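Undergrad:
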Amino acid sequence: MPGPAASGLRALAWACAAALLLAACGEAPKPPAPIGDRAALERLAASWNRLSEGLPVSPFHLEPRDRKRFVEAVFADAGYSYAATLHRLAQGGWDTGSQEAVDLVELLFMPHTDVSSLHSTEGLYSRRELEEIRRVEALLGR
Numbered sequence: 044m045p046g047p048a049a050s051g052l053r054a055l056a057w058a059c060a061a062a063l064l065l066a067a068c069g070e071a072p073k074p075p076a077p078i079g080d081r082a083a084l085e086r087l088a089a090s091w092n093r094l095s096e097g098l099p100v101s102p103f104h105l106e107p108r109d110r111k112r113f114v115e116a117v118f119a120d121a122g123y124s125y126a127a128t129l130h131r132l133a134q135g136g137w138d139t140g141s142q143e144a145v146d147l148v149e150l151l152f153m154p155h156t157d158v159s160s161l162h163s164t165e166g167l168y169s170r171r172e173l174e175e176i177r178r179v180e181a182l183l184g185r
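Quick note: the sequence shown uses my numbering, first residue 44, plus one each step.
1. What is the C-beta distance between Pro195 and Thr128, in whole angstroms, given that I count them as a contact (C-beta under 8 Å)?
2. Grab the span of the alpha helix (DSSP H) containing Phe118 for me, first residue to last.
3. Given that a residue counts as buried once 16 or more other Cβ atoms are within 10 Å of its Cβ, and exposed if not, what is His155?
4. State buried or exposed for Ala116, treating a residue as buried only when at least 16 other CB atoms are found within 10 Å of its CB.
5. Since Leu147 contacts Leu84 with CB under 8 Å, what's their CB separation in whole angstroms?
6. Locate the alpha helix (DSSP H) running through Ala82, then write down its first and last residues.
7. Kindly give me the distance between the Cβ atoms of Arg110 and Pro102, rounded to whole angstroms, as I take these residues to be in contact under 8 Å.
8. In the DSSP assignment, find the alpha helix (DSSP H) that holds Thr128 and state where it starts and stops.
9. What number of angstroms, rounded off, separates the C-alpha of Ser95 from the C-alpha of Ala119?
10. Return helix, strand or coil for Pro99, following the three-state DSSP convention.
11. Within the continuous alpha helix (DSSP H) that includes Leu167, where are the two ends?
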């Protein structure tokens with residue numbers, strides 16, 4: 044029988060899925076988070092704090108798939124699109140030296156933070172997302 048943490052994670056997955064579905068139904072697509080914008084980061088941080096209160100563990104202790112669902116829910120809760128933000132960053136043209144931009148990238152990359160390689164995250168990202176992650180990493184000289 045799964046423990047309380049497993050039940051909590053399952054509840055998180057359903058809550059995130061429901062939030063994303065509700066956000067997608069009848070609403071215009073959410074925009075990308077503005078790159079280098081402190082106010083946008085503060086909105087994302089407030090959403091992070093609000094949503095993480097309901098988790099049985101720190102978001103960093105979630106499995107990569109649950110981390111991604113969590114981060115997508117954080118973006119949606121703050122009024123932004125995770126996918127659109129990643130796509131916009133991959134296009135370049137932003138200040139790679141801006142701490143706010145780097146912080147935004149770190150939030151986007153949280154699902155695979157401390158995972159041995161992107162190859163270990165098979166199925167976590169779509170092919171397009173993997174290409175965009177690699178482009179952003181190249182822009183940052185990683």
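All residues carry an ideal CB built from backbone N, CA and C; glycine is no exception. Quick caveat, the model's predicted, so the values are computed rather than measured.
TA: A quick look at the data gives this:
1. Any answer about residue 195 is impossible in this case: the structure gives the chain only from 44 up to 185.
2. One-based indexing of the sequence shown puts residue 118 at position 75. Its alpha helix (DSSP H) spans residues 107–121.
3. Residue numbering aside, residue 155 sits at position 112 when the sequence shown is read from its first letter. With 16 or more Cβ atoms within 10 Å of its Cβ, His155 is classed as buried.
4. Within the sequence shown, the letter at position 73 stands for residue 116. Label assigned to Ala116: buried.
5. As a position in the sequence shown, residue 147 is number 104, starting the count at 1. As a position in the sequence shown, residue 84 is number 41, starting the count at 1. So it is a contact: roughly 7 Å between Cβ atoms.
6. Against the sequence shown, residue 82 aligns to sequence position 39. Unbroken alpha helix (DSSP H) run through Ala82: 81–95.
7. Sequence index remark: in the sequence shown, residue 110 carries index 67 (1-based). Sequence index remark: in the sequence shown, residue 102 carries index 59 (1-based). In this structure, Arg110 and Pro102 form a Cβ contact; the two beta carbons are roughly 6 Å apart against a cut-off of 8 Å.
8. In the sequence shown, counting from the first residue as 1, residue 128 sits at position 85. 125–133 is the extent of the alpha helix (DSSP H) around Thr128.
9. Locating residue 95 in the sequence shown gives position 52, counting from the first residue. Locating residue 119 in the sequence shown gives position 76, counting from the first residue. Rounded to whole angstroms, Ser95 to Ala119 spans 14 Å at the Cα level.
10. Locating residue 99 in the sequence shown gives position 56, where the first residue counts as 1. Three-state result, Pro99: coil.
11. Taking the first residue of the sequence shown as 1, we reach residue 167 at position 124. According to the DSSP assignment, Leu167 belongs to no alpha helix (DSSP H), since it is labelled neither H nor E.
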